[in-house]
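Trainee:
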Amino acid sequence: MIGEIDIFGVFVPSVLVLMFVAYLINLVLRTLLARTGFYRFVWHRAIFDLGIYVLVLGLVVIVSHRLIT
1 MIGEIDIFGV
11 FVPSVLVLMF
21 VAYLINLVLR
31 TLLARTGFYR
41 FVWHRAIFDL
51 GIYVLVLGLV
61 VIVSHRLIT
């Protein structure tokens, strides 16, 4: 994985870009879970959403690492 990504002359850490991608995927997942009524079975929604975000971020990092190498 490279250290920085050049976006219009501004060097942005690659982890920040991966975190943004994971956030967008997490937004879609949260919307789908809310529409299906899954959150009725969740005790603490904020902690559950954080856990889902961490899992999605891990998957994004693994997929990006495998695509680069």
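At position 61 of the sequence shown (counting the first as 1) the number is 61 in full-length UniProt numbering, and the numbers step up by one without a gap.
Beta carbons: idealized from backbone N, C-alpha and C, even for Gly.
Bear in mind that the values here come from a model prediction, so they are computed numbers and not experimental data.
Between the segment 5-21 and the segment 54-67, are three or more C-beta pairs nearer than 8 Å?
Mentor: A contact exists between the segment 5-21 and the segment 54-67.
Trainee: Can Asn26 and Ile47 be called in contact, C-beta distance under 8 Å?
Mentor: Counting from one through the sequence shown, the residue named residue 26 turns up at place 26. Counting from one through the sequence shown, the residue named residue 47 turns up at place 47. For Asn26 and Ile47, no; Cβs fall outside 8 Å.
Trainee: Rounded to whole angstroms, what's the CA-CA distance from His54 to Val12? Just pull it up for me.
Mentor: Locating residue 54 in the sequence shown gives position 54, counting from the first residue. Locating residue 12 in the sequence shown gives position 12, counting from the first residue. The question names His, but residue 54 in the sequence shown is Val. Whole-angstrom Cα-Cα distance: 21 Å.
Trainee: Can you list, in chain order, the stretches of the alpha helix (DSSP H) that have 4 or more residues and sit fully within the segment 11-38?
Mentor: As far as the segment 11-38 is concerned, its whole alpha helix (DSSP H) runs of at least 4 residues are 14-36.
Trainee: Where DSSP assigns a beta bridge to Asp6, which residues make up the other side?
Mentor: On the sequence shown, position 6 is the one that residue 6 refers to. DSSP output for Asp6 lists Phe11 as bridge partner(s).
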